[in-house]
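Working notes, beginning with the structure itself.
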Amino acid sequence: MELYTLRWPQVDALPRTTPVVFPVAALEQHGHHLPLLTDSLLLGEVMRRVQATQHGKCLFAPLQWLGNSHHHLDFPGTLSSSPRVYLDTLIDLAECFLRHGFTRIVYVNGHGGNSVPMQQATFELRQKLRDRRDVLLVSATYWGLGGRPWEVEPSLRQREMGHACEWETSMMLRIRPDLVSDPTATTDVPFGVGFAPAHRAWTMPERSTPGHIGDPRSASAEKGEALFGVFAADVMKYLERVIAWDGEAWDA
């Protein structure tokens, strides 16, 4: 079910255990060859495929296109909500439905910079509701749910998500090739290791002059379809776990 199509009595009639799904993405630079809305377009396609399978079992809020993208602000066109403001926005979205009595809140993310605020939002909400055992607050990034797309499409060279990389470029070639400039004119920008396994705070100019990370030159629409298939299937399985939760157990 898509929230924006419903009237409030229809929402009120839903079981309060219906998972409420908030897709969150971004509008930010994606190198010289991909459009600013890439993250939102890609997550939107993943969620379109997921919604087609759910048959009324989840309630999907409209995709949130504004994300936490301050690390891209050196590149014109990027729009960003500062980390604390973004975190509070995520909390506010969830609290609207918690106030309405819904007990299962799910964030599905399509932008790396949203991951930490998203996790912090669920953490802070859980502390506010620490005596409620019936509330489930979960978050996931669509490419981080365990899928191994290179096993479906062996020609994929990457083994992790980059930025405006082989993966994202392939997915954009699959759904909006009209918005993609020639990826063969790009270069390979290595992922690097930074200070891994520790986490190093960073801004994009520290890692990439053109604004992408990875090698978009081998991207193709065929690879994009394989990626979408894997990622949509992962999100479907994730939501099925939320639907099947018994309302008490730690494991699901």
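By this note's numbering, the letter at position 2 of the sequence shown is numbered 1184, and the numbering carries on one by one without gaps.
Ideal placement from N, C-alpha and C gives every residue a C-beta, glycine not left out.
As the structure is a computational prediction, the values presented were derived from the model and not from experiment.
Using only the alpha-carbon positions, how far apart do residue i and residue j sit?
i: Glu1348; j: Ser1321; result: 25 Å
i: Gly1249; j: Ser1262; result: 6 Å
i: Ala1401; j: Thr1368; result: 11 Å
i: Thr1323; j: Arg1230; result: 16 Å
i: Gly1295; j: Phe1279; result: 24 Å
i: Gly1238; j: Met1183; result: 5 Å
i: Pro1379; j: Thr1271; result: 30 Å
i: Ser1204; j: Gln1302; result: Residue 1204 is actually Phe in this sequence, not Ser. Going from the Cα of Phe1204 to the Cα of Gln1302 covers about 15 Å.
i: His1326; j: Trp1190; result: The amino acid occupying residue 1326 in the given sequence is Gly; His does not appear at that position. The straight-line gap from Cα to Cα measures roughly 34 Å.
i: Asp1428; j: Leu1421; result: 14 Å
i: Cys1240; j: Arg1339; result: 35 Å
i: Leu1219; j: Glu1404; result: 21 Å
i: Trp1247; j: Gln1236; result: 22 Å
i: Asp1313; j: Asp1274; result: 19 Å
Could you pull out every residue in the same chain whose Cβ sits closer than 7 Å to the Cβ of residue i, ignoring the five residues on either side in sequence?
i: Ala1426; result: Ala1434
i: Ser1297; result: Asn1291 and Thr1323
i: Pro1387; result: Asp1256
i: His1282; result: none
i: Phe1284; result: Arg1198, Thr1200 and Val1202
i: Gln1211; result: Leu1218, His1254, Phe1257, Gly1259, Thr1260 and Gly1393
Leaving out five residues before and five after residue i in sequence, what residues of the same chain have Cβ atoms less than 8 Å from its Cβ?
i: Phe1373; result: Glu1342, Gly1344, Ile1395 and Gly1396
i: Val1412; result: Gly1329, Arg1330, Pro1331 and Val1334
i: His1215; result: Ala1346, Thr1351, Val1362, Ser1363, Asp1364, Pro1365, Ala1367, Thr1368, His1394 and Pro1398
i: Glu1430; result: Arg1315 and Asp1316
If residue i and residue j are in contact, beta carbons under 8 Å, what's the gap, nearest whole angstrom?
i: Val1290; j: Val1193; result: With 8 Å as the limit, Val1290 and Val1193 do not qualify as a contact, their Cβ atoms being about 19 Å apart.
i: Thr1391; j: His1253; result: Not confirmed; about 15 Å, so no contact.
i: Pro1365; j: Pro1398; result: 4 Å
Opposite residue i in the DSSP bridges: which residues?
i: Leu1318; result: Arg1286
i: Val1371; result: Gly1396
i: Thr1323; result: Asn1291
i: Pro1258; result: Answer by DSSP bridge pairing: none, since Pro1258 is not bridged.
i: Leu1253; result: The identity of residue 1253 in the sequence shown is His, whereas the question assumes Leu. According to DSSP, which records beta bridges pairwise, His1253 is partnered with nothing at all.
i: Phe1242; result: Glu1184 and Val1203
i: Leu1209; result: Leu1261
i: Leu1272; result: Paired residues: none, contrary to the question.
i: Leu1216; result: His1212
i: His1345; result: Ile1395
Leaving aside the five residues before and after residue i along the sequence, list all residues of the same chain whose C-beta is less than 6 Å from its C-beta, in chain order.
i: Ala1208; result: Asp1221, Gly1249, Ser1251 and His1293
i: Gly1213; result: Ala1346, Pro1392, Gly1393 and His1394
i: Leu1319; result: Ile1287, Thr1304, Leu1307 and Arg1308
i: Arg1382; result: Gly1376
i: Val1232; result: Ala1414, Val1417 and Met1418
i: Ala1243; result: Leu1185 and Phe1204
i: Gly1406; result: Ser1352, Met1353, Leu1355 and Arg1356
**Prompt:** Are the segment 1219 to 1233 and the segment 1351 to 1362 touching, with three or more C-beta to C-beta distances below 8 Å?
**Reply:** yes
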